[in-house]
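>
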Amino acid sequence: AEPVKVGIMLPFSGVYAALGDAGRNGLKLALTQNAAQLHGRDIEYLELDTEARPERAPELASSLLDKDKADFIIGPVHSGVAMGMSKVLRNKDAIMIIPNAGAAAATGPLCAPNVFRTSFSSWQPSWPMGKVALDAGYKKVVTMSWNYGMGKESLEAFEESFTAGGGEIVKQILVPFPKTEFQPYITDIAATAPDAVFVFFAGGGAVKFVKDYNALGLSDKIPLLGAGFLTEGTLEAQGDAAEGILTTLHYADNLDNAANHKFRQDYASSFGKPADIYAVQGYDAGLLIAQALNTLGGDISNRTALIAAMQASTIDSPRGKFTFSKAHNPVQDIYLRKVVNGENQVLSIAAAALEDPARGCKL
Amino acid sequence: MFNNRAEKLFVWLFFPLALLMPLLLDQNTFYVNKLATILILSIFVMSLDYLVGRCGLVTLGHALFYGMGGYLFVMLAPEYEAVNFWLYTFYVLAIASVIALVVGVIVLRTSGIYMIMITLALAQMCFYFFSDSTEFGGNDGLFIFVKPETDVFGLSLFDLDNPTHFYYLCLLSLFNCLLFFKLLMRSKFGRIMDAVQENPERTTALGYNVLHFRLASYVIASALGAYAGYLFALQYGFVNPSMLSWQTSGTALVMSILGGLGTLYGAILGTLVYEGLHYGFEHLTENWLLPMGSLIILMVLAFRHGLAGYLESLVEKRK
Amino acid sequence: MSSIVLKPADLAPPATPCPVTDVVLQTEGLCKYWGGLKALDDLSLQFHDRRLHGIVGPNGAGKSTLLNLLCGSYAPTRGKILHNGEAIDAIRPHEFSRRGIGRGFQKTNIYPSATCLENCSIAAQRRVGGSFNIFRSRHSDRLLTEMAAQALEKVGLSHRRDAIASRISYGEQRQLEIATVLATAPSVLLLDEPMAGMGHEESQLIIQLLKSLKQDYCIVLVEHDMDAVFALSDQLTVLVDGQHLVTDSVERVRDDARVKHAYLGQGDEVI
Amino acid sequence: MNNLLEVRSLHTLYGESHVLHGVSFYIKQGQAVSLMGRNGMGKTTTLKSILGVLTPRSGQVRFQDQDLDGLPTWQRMRRDIAYVPEGRGMFHNLTVKEHLQMAARPNRRREVLWDYDRVLATFPRLQERLTNLGTQLSGGEQQMLAIGRALMTNPDLLILDEATEGLAPLIRKEIWEVIRTIKASGVSTLIVDKNIQVLEKICDHHIVLVKGRVMFEGDSQQLLAQRSEVESHLGV
Amino acid sequence: MDITLFLFQLMNGVQYGLLLFLIASGLTLVFGVMGILNLAHGSMYMVGAYLAWYFVNTTGSFGVAAVISAIIALLLGILIERTLIIRLYRRNHLDQVLLTIGLIFVFNALQSLLWGNDPLGVAVPAWLDGAIPLTEMIEYPVYRLFVSGLCILIGIGMYLTINRTRLGMLIRAGESNRDMVECLGVDINRLYTLVFAAGVALAAIAGIVSAPMVSVVPGMGEHVLISCFVVVVIGGMGSIKGAFVGALMVGIVDTFSSIMLPQVSSMMIYILMAVVLLIRPRGLFAS
Ligand SMILES: Nc1ncnc2c1ncn2[C@@H]1O[C@H](COP(=O)(O)OP(=O)(O)OP(=O)(O)O)[C@@H](O)[C@H]1O
Ligand SMILES: Nc1ncnc2c1ncn2[C@@H]1O[C@H](COP(=O)(O)OP(=O)(O)OP(=O)(O)O)[C@@H](O)[C@H]1O
Ligand SMILES: [Mg+2]
Ligand SMILES: [Mg+2]
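Chains as they are written, first to last, in this note's numbering: chain H, 1 to 363; chain L, 1001 to 1319; chain Z, 2001 to 2271; chain W, 3001 to 3236; chain U, 4001 to 4287.
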C-alpha cells in the first residue's frame, strides 16, 4: 500500500530547536516501535524547519497539505506558528497533531475536527499548582512569565485556582519576550517578599531564571513554584540552582509505569540522551497515529472514521494513560514534582484526569 | 526603458514566464501560492531596493511598513463583512503614506548608520506594540476572516480565494511596481534623487531641499512596502508581529543586496534566488543553514554587484 | 600675525574705482566663532552688482568661512547678511541658491558618477523646475539640456560633455564645478579658489570667463593666485586672522604695507 | 652620483583608457626634480604608479638600486619615500597633533631629522590648531599639515603633488624655503607644481609630460634655453 | 521605591550595563572604529560561550578553558578577516551585511551540529563562587562583581589604546582613509587583521565570562546583537567613551523601566536610542 505521509513542522534551528529535535525523536521512536500496528503501511516523513517564524507557517503548512498531500501534520512548538498553521489546516483533509504548543485558542475558539493535541493546553499544567500552593499554606504569591500568550495563559490558570481558594496574587510580572535580564525583577520580588513565586519559563530562559534566582540568594528564602517546563530539559544546565523547585506537569522522569520505563530506555539508547516532556509529547503523537491506523486496519482514506478513531483512542503514554476531550485535548493526570538530585521526582498527583475547559470550542 | 541588455533580457524572460507559470504548474495550490508569496516579497524588496540603492537611505525598519500593511487591514476592515479590495488598497496606501511621512520626518534627520538604527528602533517599538497587545492577538497573531472582493462596477476581476487569481493579482502588482519605479527614475524627480544620493551637500547648495526629496521617496517606498504586506496578509488571511521584526527587514535587505543594489529588477532576482535556495536546502537537509550561509558568502565574494551585476557581465561578455 | 586692526568706521570710504552700483549682498557685523577661535570677527562688507569682489588673506584668515556664511552652509554666530536689502541669515541652506546665490567649493564638489552634462543638468533643473514631477522624463526637456550645455561651453568643457565626471582630470573637475554653478543661473557667484590646481591655460580661460561674467553678475572671489586676483578684482578685501584689514582698489591694496607684511610678502616668490 | 629613483617606460591604464605611454626618468641622490604638465597629462598618475597605488601594466620602478615592482605601497614607503597627495588626504577623525604623531618614523638609517617640534616650528600656524580635526582646518592649513605629516616620516625622497595649491603667497614662499632646506639636508624631492618660475630656481632637473609622454627632460639651463617650447607644452 | 531598593536596582543596572559594554566592546572596535559592519558579532559571543562550555567540560578548569577559548577566537578572527572580510574593504559597505549574515547562518549551523540544541550551563568557577549578603533577603554573587571589574578594566584598556597610542591613531586613520595610511608606510592590512581579530576575541571573551551567568543556548548571539548596536550608536561611532556611557545608560534605563514602566519596557531601549539620536543625530560622543 501507499506509505502514510507524516509531515513534521517543527523548529530545527534557532531558540526552540531543542524542543523540535526532541519532539521529532519521540514521534519516530513511537512509529518504529509500533510498526506492527501499521498494517503493513510504511511511514514517509516530510520534515520542515519552521524556524519558529509564524509568518512562514501558512506557507509551510500549505506545502505539506497541498503539495505533499500529507495525511498527518505534526507541529509546531511555537504558539504563533500554531495559529499560522491552523489557518491553513483547519477543516482540511490532513490531520494536524500539535505536539507542544499550548495556545488555548487552538483547541478553544479555533478548534476543528481535524486538529488534535497530544501535549497540553496552557491551562492544564498551571491550574493544579494553585491548589498545591494553598495546601502549602502560601497566601501571597508573585507570578511571573514572559509576556506572550502561553505565559499569560499559564499565569491566568494558576491565578484562577489560587484565588478561588482564597490566595492573593500580590504582583504579576510580565517580562518582554525573549528578554532574559531577570535581575531587576528578582530584586523587586525580594522587596515584595511574598510567600512564594509562581513562574512560567521554558528552555534557555528557564535556565537563566533559575540561575539568577539562586545567585541572588532567594532560593532558600522564597519557594519557587512553576509550570513544569521550568525544569524540563534544563536541569543539567541549571545544576544545583534548581534543587528543591516544585513544579506541576503532565509528566515526570521517574513515573513508575511500564510504558515510561520502556520509553525512557529506548529513547536514551536511540538518541544518546535522556528523554524529556517534549519527547514524550512527540512520542504520544506517534502512538496516536499508530493506534488509529491499527483500529482502521491501515486504511485511513475515510477521514471521518479516522477522526472518530483518534478521538476515541486511549493512549498508553509514558505519562500514564490519557484520553481525548471533545475539543481533542488530552484528558490527563497532572503531577506535582520536586527537583531532587538533578531529577524531577513525583511527589503526588496534583490533579487527576484533568480536562481543559476548552472555552469557546463549539465541537 | 532599460538600462542595459541584462535588464531587458531578464524582464522579457521573467514576466512572460511568470504569466505561464500557473499553467505549467497545473495550478497546484502550493506552488502557485509559493510563487505568489515570492512575487509579494519581490514588491517589498523592490521598494526597499529603491530606498537603499537609489536614494542612499539604508533602513533596517522597512518591515515596519510591511507589517503595518497587514495590520492596517485588520484594523480597518469589519470582521465578518466582505469589503472591496481596491478601496482598502487605497486606504492602506493612504494611511501608510501618512505614517511614512511622520516616520520619515523623524528618521531623515539622521543619516547613515544612525538612520539604520533609528529606523530599526521605530520598527522594534511597533513590533513590541503589536506583540504585547491583547486586541491584536499579541505574539500569536490574528486571523483575517474575510477575503476582499475585487469588483469594479460590478465586474469581478479577481477571485482572491482562488490561488491562481491571487497569483495574477500579485504578478500584475509587481509589474506595475517595476514600471512605476522605472518611470520614477527616468523622471526629472529621479534625476534629483540620483543627485541627492550621490552628493547631498552639493545638491543643497544647488538650491534643492534635500529633505523634501528624500521624504517623498521614503513615502513612496514605504507605501509600496505596506502594499506588499497587505497582499501578504490577504494571501493566507493571517498576520503576526513577526512581519514587523528586524529579521524581516534584514532578510529583505539581504535579498536586495544579493540581487544587486539599486537595480530594481535585481530585487526580483534576489528574492527569487534567495527563496529558491531556501526552499531547496530546506527540503534537502534540516541543517539547511550551512549550505545556505556558505552559498551566500560565496556569492558575495564572487559577485561584485550582486546577481544583477553578474548577469550584466555575462550578457556583456556574450556581446 | 598682524596687530593692526581697523574697525569699519576707521576706514575712509573706499575710493570708487568705477561708478557706484547697487549693493546686492551685504554683511553687517558678521561673526563666526568656533569655540574660542574667532574665524571671522565683526565683518561688514558690501558686494556690488556687476563687480568682482576679491577676498584674499593668509591661510586660515576666514575667507572660506565668509563664503560659507554667505551661502548658508554655516549659521553666523552673530551679525547679519542682507541680500537686496533683506536679511537672509536665518533662511535655510537650499534657499540661498533659490535667491540666486551660487556657490563653488574649495574642495571639488561634483557628482562623480554622472556625466559632465548631467552634472549641469541637475543644476539647471533648479531653474527650469519640475523637479517633483515623477512622470516627465528627464531627457525630454530641451531647454534644460541647452542650458546645461551652455554652461559647459562657457567654461570650455564642451568636449567633455559626455565624460564621466570622476574620470576627468582634477583641473577639468574644477572647471566643471564652475559650470554647475553657472547652470543654476545665479545673480551672485561665490567662488572659492576656482583656479587652484588649474593649469595656466585653464586659469587663463577662467579669468577670461570671470571677466565676461562680471558684466552681469556680482562675483565674490576667494583666490590665492595673485595674478588672477589683481587682474580681475574691482575691489579687494584683505582678511587676516578673522579680522578685516582693508577693502580698497587693487592698486592701493597691493601697495599697502600691512598687506605686504601679513600676506603678500616682499618681492619675488623665491628669494 | 647614484640614481635614487629610476622610472622606466611606465604604461598605466584606467580600465580601458591608456594614460601613461612609456614614461621614463630618473632622480639622482639629493636632486630636486620637477614634474610639469597641463591638467590631465598624467602627473598624478605617474606618481601613483611609482608608489604602487596604481599598478602599471608594464614598466619598472627602481629605488635605491632595488626593484619596487610588485611591492605593496607600504613597503615602498618604508624605503623612505613620503608623499603629499593631491587633495591632501586628511583624516577626518584625527587631530592635527595626532596626524603628526601617527606618522612619526625615523628613516632606515635611524636618523630623525624631522620631529614634532621641528615641524611645528616650520608651520607655526599648526601650533595654534593642534586639537582641531584634520578636516576642520582651512585649505591652506590642511596643506601644511599634509607636508608636515610627510616630513615626520623622515624621507629620502619627498613627493609633492601640487603642494602649494591654495597657499597664501607668504606661506608658499615658506614652503619653497622648506624644500630648499630639505634639499640641502640631502633629501631628494619630486615636485609637481605649475609655477614654472619657481621650479626653475629650485629644481635641478625638469620633466614635462604631455599626454602621458615625456616631452622635455633636462636641467634648469636647458629649460631656460627651451623656455618657449616648454611653455607651449604647459599652455602658459 | 525606597532608597535601598533604588540602590540595588541601580547596581543591577550598572552591572547589566557593564556586561553590555563588554559584549559591545568588540563591536565598538570593529564597527565603531574600523567601520566594518559585522553582524556576526553576536555569533562570536555565542562561539565564546560554547567554547567555554566545551573546554570547561574537557579540562575541568574555567581559567584554562577561558584562555584556550580566547586564543581559538583570536585565530578564528584572523581567519575570517584574511579569507573573507579583506575582500570587501573596497566595496559597498552593505556587502558586509550580506557576508556576515552568511556567517551567522554558518555559525548557527555549526553550533547545532557540534554541540546540539539543548540549553547548556557552565558552573561558576569555585574560586569565585561566593556571595556577599547585602540584606537579609538579597546577596550579591562574587562572580558578577568580578565580571563587572573585568568590564571596567577592558574599557579603560581600550580607551587608552585607541585614544592615546600610536596604534590607536593608525587604526582610526585607517577608517578615514586607508590608502593614505598605507602611503605613510604602514601595513594597513595586517593592522586591520589584528584589530578585527581583537574584536572577535573580545566578543568571545564576553561570551566566555557570561557563560556561567547565562544559559548557553542556540540563538543567544542574535539576542545581544541589537543591544550591542544600540549601545555603540547611542555612544556615537568610534567613541569608546561613548560606548561605555551608552552601555550604562541602556543598562540603567532598561532596569528601571522593567520595574517602573513594565508596559513599555520592551521598547525602552529603542525609545532611548531614538531620543538620543533626535537630540544628537550622531550619538553622544561622535567625533
Ligand atoms: N568646523 C570647524 N571647526 C573648528 N575650526 C574651524 C572649522 N572650520 C574652520 N575652522 C577654522 O577657522 C579658521 C578659518 O578657516 P577658513 O577655512 O575660513 O580659512 P581660509 O581663509 O579659507 O583659509 P585658506 O586660504 O587656507 O583656505 C581656520 O583657522 C580653521 O582652522
Ligand atoms: N580614476 C580615473 N579613472 C579614469 N580615468 C582617470 C582617472 N583618474 C584620472 N584619469 C584620467 O587620466 C588622465 C591623467 O590624470 P592625472 O590625474 O594623472 O592628471 P594630472 O596630470 O595629475 O592632472 P592635474 O594637473 O589636473 O592634476 C586624465 O586624462 C584623466 O581623465
Ligand atoms: Mg579656504
Ligand atoms: Mg594631478
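Built from N, CA and C at the ideal position, the CB exists for glycine as well.
Flag K2107 (chain Z) as yes when its Cβ comes closer than 6 Å to any non-hydrogen atom of ligand 3, and as no otherwise.
no
> Let me confirm a value: D2248 (chain Z) is counted as buried when at least 16 other C-beta atoms fall within 10 Å, else exposed. Which label applies?
buried
> Within the 7 Å Cβ cut-off, does R41 (chain H) reach chain L?
For R41 (chain H), the answer is no, since every Cβ of chain L falls outside 7 Å of its Cβ.
> Using a Cβ-Cβ cutoff of 7 Å, what residues of the stretch 2227–2260 of chain Z are near chain W? List them in chain order.
none
> Within the 7 Å Cβ cut-off, does I4045 (chain U) reach chain H?
As written in the sequence, residue 4045 (chain U) is Tyr, which differs from the Ile given in the question. So, not an interface residue.
> DSSP state of L2011 (chain Z), grouped into three classes?
Low per-residue confidence applies at L2011 (chain Z): pLDDT is 38, beneath 50, and the placement is therefore not dependable enough to give any value.
> What are the start and end residues of the alpha helix (DSSP H) that includes L3151 (chain W)?
Residues 3139–3151.
> State the DSSP-derived secondary structure class of K2107 (chain Z), mapped to helix, strand or coil.
coil
> What residues in the stretch 3103–3122 of chain W bring their beta carbon closer than 8 Å to a beta carbon of chain U?
A3103, A3104, R3105
> Would the C-beta of Q3136 (chain W) count as close to ligand 1, meaning under 6 Å from any of its heavy atoms?
Result yes, Cβ under 6 Å from ligand 1.
> Rounded to whole angstroms, what is the Cα-Cα separation between P2008 (chain Z) and S2044 (chain Z)?
Bear in mind that the predicted position of P2008 (chain Z) carries a pLDDT of just 38, short of 50, making it unreliable; the figure below should be weighed with that in mind. Distance between the alpha carbons of P2008 (chain Z) and S2044 (chain Z): 7 Å.
> Tell me which same chain residues have a C-beta within less than 7 Å of the C-beta of P2112 (chain Z), skipping the five on either side of it?
A2165, S2166
> Spell out whether any CB of chain U is found under 7 Å from the CB atom of E3098 (chain W).
Yes, its Cβ sits closer than 7 Å to a Cβ of chain U.
> Does any residue of chain W bring its CB to less than 7 Å from the CB of N4163 (chain U)?
no
> So the beta strand (DSSP E) Q345 (chain H) belongs to, where does it begin and stop?
DSSP places Q345 (chain H) in the uninterrupted beta strand (DSSP E) bounded by 343–354.
> With ligand 2 as the reference, list in chain order each residue whose Cβ lies under 5 Å from any of its heavy atoms.
The filter returns Z:R2167, Z:I2168, Z:S2169, Z:Y2170, Z:G2171, W:Y3014, W:V3019, W:N3039, W:G3040, W:M3041, W:G3042, W:K3043, W:T3044, W:T3045, in chain order.
> Taking just the CA atoms, how far does L1060 (chain L) sit from L1253 (chain L)?
8 Å
> When you compare each of H:Y138, H:F177, H:E153, H:P11 to E168 (chain H) by their alpha carbons, which one comes out closest?
H:Y138
> Taking just the CA atoms, how far does V3084 (chain W) sit from S2158 (chain Z)?
Roughly 32 Å between the two C-alpha positions.
> Quick one: using the 10 Å Cβ neighbour count with 16 as the cut-off for buried, is G272 (chain H) buried or exposed?
exposed
> Rounded to whole angstroms, what's the CA-CA distance from R4166 (chain U) to S4176 (chain U)? Just pull it up for me.
Cα to Cα, R4166 (chain U) sits roughly 15 Å from S4176 (chain U).
> Identify whether C2218 (chain Z) lies in helix, strand or coil by the three-state DSSP scheme.
strand
> Which ranges does the alpha helix (DSSP H) cover as unbroken runs of at least 4 residues, wholly within the stretch 7–91 of chain H, from first to last along the chain?
17–33, 57–62, 79–89
> On the three-state DSSP scale, how would you describe M4220 (chain U)?
helix
> Considering H261 (chain H), what are the terminal residues of the alpha helix (DSSP H) in which it resides?
Element bounds for H261 (chain H): 258–271.
> The beta strand (DSSP E) spanning R337 (chain H) covers which residue range?
330–340
> Could you compute how far the alpha carbon of L1184 (chain L) sits from the alpha carbon of Q2150 (chain Z)?
Rounded to the nearest angstrom, the two C-alpha atoms are 27 Å apart.
> Quick one: give me the first and last residue of the alpha helix (DSSP H) that S4148 (chain U) is part of.
4142–4164
> Which residue marks the beginning of the beta strand (DSSP E) containing Y4054 (chain U), and which one marks its end?
Per DSSP, Y4054 (chain U) belongs to no beta strand (DSSP E); it is in the alpha helix (DSSP H), 4041–4059.
> Under three-state DSSP, which class holds A227 (chain H)?
strand
> Closer than 8 Å, Cβ to Cβ, to anything on chain Z: give me those residues from the stretch 3185–3210 of chain W, in chain order.
Here the close residues are K3194, N3195, Q3197, V3198, K3201, I3202.
> Taking buried to mean at least 16 other C-beta atoms within 10 Å of its own C-beta, is A3184 (chain W) buried or exposed?
exposed
> Tell me, please, which residues DSSP counts as bridged to P1241 (chain L).
Answer by DSSP bridge pairing: none, since P1241 (chain L) is not bridged.
> Select from the stretch 4242–4258 of chain U all residues with a C-beta closer than 7 Å to any C-beta belonging to chain H, and list them in chain order.
Flagged, chain order: D4254, T4255, S4258.
> Sorry if obvious, but does the Cβ on E3086 (chain W) come closer than 6 Å to a heavy atom of ligand 4?
yes
> Could you tell me which of Z:E2177, Z:I2178, Z:S2064, Z:T2184 sits nearest to T2145 (chain Z), measuring between CA atoms?
Z:T2184
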